[in-house]
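Enquirer: I have a structure I would like to understand better, so I am pasting it below and will then ask my questions one at a time.
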Amino acid sequence: MDLGIFDDILETPKAKKIKEIKQTIEEVKPEEIPISRIKSPRFHDRSYVSQERIASLAENIKEFGLAQPIVVRKLEDGSYERVIGYIRLKAYEYLGRDKIPAIVLDIDEEIALALMISENAQREDLNDYDKLMSHLEYLSFILGTDKDEVIRVARKIFNYISGNIKELSDEDRRKGQVIEKTLQKLSGTNLRTFIERLKILNVADEIKDAIKKYGWSYSLAIEVNKLRNYPEKMRQLIDEIIKNDLTKKEVEIKVREILGEEASKRVKNPFKESFREINKKVSRVYSRLPEKEKNKVEKVIQKKLSEIEQLLERYENSV
Numbered sequence: 504m505d506l507g508i509f510d511d512i513l514e515t516p517k518a519k520k521i522k523e524i525k526q527t528i529e530e531v532k533p534e535e536i537p538i539s540r541i542k543s544p545r546f547h548d549r550s551y552v553s554q555e556r557i558a559s560l561a562e563n564i565k566e567f568g569l570a571q572p573i574v575v576r577k578l579e580d581g582s583y584e585r586v587i588g589y590i591r592l593k594a595y596e597y598l599g600r601d602k603i604p605a606i607v608l609d610i611d612e613e614i615a616l617a618l619m620i621s622e623n624a625q626r627e628d629l630n631d632y633d634k635l636m637s638h639l640e641y642l643s644f645i646l647g648t649d650k651d652e653v654i655r656v657a658r659k660i661f662n663y664i665s666g667n668i669k670e671l672s673d674e675d676r677r678k679g680q681v682i683e684k685t686l687q688k689l690s691g692t693n694l695r696t697f698i699e700r701l702k703i704l705n706v707a708d709e710i711k712d713a714i715k716k717y718g719w720s721y722s723l724a725i726e727v728n729k730l731r732n733y734p735e736k737m738r739q740l741i742d743e744i745i746k747n748d749l750t751k752k753e754v755e756i757k758v759r760e761i762l763g764e765e766a767s768k769r770v771k772n773p774f775k776e777s778f779r780e781i782n783k784k785v786s787r788v789y790s791r792l793p794e795k796e797k798n799k800v801e802k803v804i805q806k807k808l809s810e811i812e813q814l815l816e817r818y819e820n821s822v
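Spelled out as structure tokens, the structure:
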């Protein structure tokens with residue numbers, strides 16, 4: 504197995520462009536601009552910021568001043584679009600200020616988006632959901648593709664490293680190099696951790712809200728999501744966690760108790776283990792078959808599955 508596919512990192516043109524603009528920011532002198540003329544970008548850089556956080560920064564600015572100006576880009580109509588500095592801008596609004604120090608750049612929307620994503624991807628104060636999304640957006644920009652494609656390639660590369668697949672296309676190798684090294688550079692995250700964290704995208708909406716609003720960790724979110732099939736129980740536990748500030752250990756105990764209670768209510772499925780074993784065997788055998796044999800086996804399996812579905816539908820409609 505070729506474990507050296509990530510030895511070299513490709514310097515993409517877009518990555519170089521971001522570096523150049525960041526250098527420009529350090530050289531541009533900030534100016535005072537009217538807050539009323541600053542517009543929000545199409546791409547919001549944070550999903551949630553508490554009023555307490557904004558008020559705390561406002562008090563700090565009031566006492567010590569603004570340590571770092573915001574970054575905006577000039578629009579054709581004479582207004583500005585915020586690129587970096589959402590919380591700083593909100594803090595100035597909280598203080599009732601009319602103007603704010605800003606670095607004004609003459610850049611297009613693509614570069615503005617790149618700067619925003621780059622800034623977010625390297626922040627340490629983002630919640631786990633925003634951090635994952637910022638990494639996905641950054642990788643998507645650097646690779647010139649969408650987030651679904653980033654996820655597809657990342658999973659394929661991980662399966663390759665794990666030995667589950669034997670070949671990679673040259674393009675997937677190239678993208679894999681960028682993904683692996685970029686994750687390491689941004690936050691010290693490896694591919695395995697990144698793949699694991701993708702589970703956040705599939706948790707219940709109420710849990711996503713709790714991650715954003717209360718800063719729930721990835722591990723806590725995944726634990727509560729085990730109750731997704733019992734929405735009422737899940738909502739009750741979410742409320743209890745928020746109200747009583749439960750620890751991860753306390754949550755684990757409660758989840759086990761709830762799942763134990765619900766399991767005792769369920770009708771036992773006599774085919775559960777059989778289907779699990781069949782699924783494992785399909786995954787193990789099917790991937791090794793020649794293409795011609797795969798097509799034959801697939802047709803037979805699909806036919807058998809259709810027969811099972813028809814049988815179950817017949818009885819479901821009669822119950």
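Offset between the sequence shown (1-based) and this note's numbering: plus 503. Here a beta-carbon is modelled for each residue, glycine too, at the ideal position from N, C-alpha and C.
Would you call the CB atoms of Pro823 and Lys602 closer than 8 angstroms?
Expert: In the structure as shown, the chain starts at 504 and stops at 822, and residue 823 therefore has no counterpart that could be examined.
Enquirer: State the Cα-Cα distance for the pair Val758 and Lys565, rounded to the nearest angstrom.
Expert: Whole-angstrom Cα-Cα distance: 45 angstroms.
Enquirer: For Leu635 and Ala617, I'd like the C-alpha separation in whole angstroms.
Expert: Those two C-alpha atoms are separated by around 16 angstroms.
Enquirer: Skipping 5 residues on each side, what residues in its chain have a beta carbon closer than 8 angstroms to that of Ile761?
Expert: Once the five neighbours on either side are set aside, the close Cβ partners of Ile761 are Leu730, Tyr733, Lys736, Leu740.
Enquirer: On a CA-only basis, which of Val706, Leu815, Asp673, Lys542 is nearest Asp631? Give me that one, please.
Expert: Among Val706, Leu815, Asp673, Lys542, the Cα nearest to that of Asp631 is on Val706.
Enquirer: Taking DSSP's pairing of strands, which residues face Leu730 in a bridge?
Expert: DSSP, once it has assigned bridges, lists no residue as partnering Leu730.
Enquirer: Going straight from the alpha carbon of Leu629 to that of Ile714, what length do you get?
Expert: Answer to the nearest angstrom: the Cα atoms are 10 angstroms apart.
Enquirer: What is the rounded straight-line gap between the Cα of Ser643 and the Cα of Ser720?
Expert: About 24 angstroms.
Enquirer: Here's a check: name, in chain order, each residue in its chain whose Cβ is nearer than 7 angstroms to the Cβ of Pro533, leaving out the five neighbours to either side.
Expert: So the qualifying residues of the chain are Pro572, Pro604, Ala605, Ile606.
Enquirer: Between which two residues does the alpha helix (DSSP H) holding Ala558 run?
Expert: Looking at the DSSP string, the run of the alpha helix (DSSP H) that includes Ala558 is 554–567.
Enquirer: Among the residues of its own chain, which have a CB less than 8 angstroms from the CB of Thr527, if the five just before and after it don't count?
Expert: Taken in chain order, the residues that qualify are Leu608.
Enquirer: What are the complete alpha helix (DSSP H) segments, minimum 4 residues, inside the segment 675–756?
Expert: If we require 4 residues or more, the alpha helix (DSSP H) runs fully inside the segment 675–756 come out as 694–700, 708–717, 721–728, 734–747.
Enquirer: What's the gap between the Cα of Lys746 and the Cα of Ile703?
Expert: Answer to the nearest angstrom: the Cα atoms are 23 angstroms apart.
Enquirer: Evaluate the contact criterion for the segment 670–677 versus the segment 785–802: three or more CB pairs, one atom per stretch, below 8 angstroms.
Expert: No, because fewer than three Cβ pairs between the segment 670–677 and the segment 785–802 fall closer than 8 angstroms, the two stretches do not touch.
Enquirer: In terms of residues, what are the limits of the alpha helix (DSSP H) holding Glu652?
Expert: Unbroken alpha helix (DSSP H) run through Glu652: 650–664.
Enquirer: Excluding sequence positions up to five away, which residues of its chain have a Cβ less than 6 angstroms from the Cβ of Ile660?
Expert: If we look at Ile660 and ignore the five residues flanking it on each side, its Cβ neighbours are Gly679.
Enquirer: Quick one: Cα of Val803 to Cα of Ser665, how far?
Expert: Their Cα atoms are separated by approximately 29 angstroms.
Enquirer: Give me whichever residues DSSP pairs with Ala605 in a beta bridge.
Expert: For Ala605, which the question treats as bridged, DSSP gives the partners Glu534, Ile573.
Enquirer: Check each candidate in Tyr717, His638, Lys669, Lys716 and name the one with the smallest Cα separation from Val681.
Expert: Minimum Cα distance to Val681 is reached at His638.
Enquirer: Within this structure, are the beta carbons of Val552 and Ile590 separated by less than 8 angstroms?
Expert: Yes. Within cutoff.
Enquirer: Please confirm whether Arg585 and Ile610 have their CB atoms less than 8 angstroms apart.
Expert: No, these two residues do not count as a Cβ contact at 8 angstroms.
Enquirer: Using a threshold of 7 angstroms, is the CB atom of Lys669 nearer than that to any non-hydrogen atom of the ligand NAP?
Expert: The ligand NAP is not part of the structure shown, which contains no ligands of any sort.
Enquirer: Check Lys542 in the structure and name its three-state DSSP category.
Expert: Strand, per DSSP.
Enquirer: Helix, strand or coil for Arg585 per DSSP?
Expert: Of the three classes helix, strand and coil, the one that applies to Arg585 here is strand, per DSSP.
Enquirer: Leu723 to Glu765, Cα distance in whole Å?
Expert: The alpha-carbon atoms of Leu723 and Glu765 are separated by roughly 20 angstroms.
Enquirer: When the Cα atoms are used, what is the spatial distance from Ser519 to Gln687?
Expert: Note on identity: in this sequence residue 519 is Lys, with Ser being the wrong assignment. Looking at the two C-alpha atoms, the distance is approximately 17 angstroms.
Enquirer: Where does Asn825 sit, in a helix, a strand or coil, going by DSSP?
Expert: Because the chain spans 504 through 822 in this model, residue 825 falls outside it and cannot be assessed.
Enquirer: What first and last residue would you give for the alpha helix (DSSP H) that runs through Glu640?
Expert: It spans 631–646 - the alpha helix (DSSP H) in which Glu640 sits, taken as one unbroken run.
Enquirer: With a CB to CB cut of under 7 angstroms and the five nearest residues on each side skipped, what residues in its chain are close to Asp510?
Expert: Bear in mind that the predicted position of Asp510 carries a pLDDT of just 42, short of 50, making it unreliable; the figure below should be weighed with that in mind. Excluding residues within five positions, none has a Cβ falling inside 7 angstroms.
Enquirer: Just to confirm the assignment, what range does the alpha helix (DSSP H) spanning Ser777 have?
Expert: Taken as a continuous stretch (DSSP letters only), the alpha helix (DSSP H) holding Ser777 covers 775–789.
Enquirer: Let me make sure I understand the geometry here. Which of Arg817, Gln554, Asp580 has the alpha-carbon closest to that of Tyr494?
Expert: The requested residue 494 is not part of the displayed model; the chain covers only 504 to 822.
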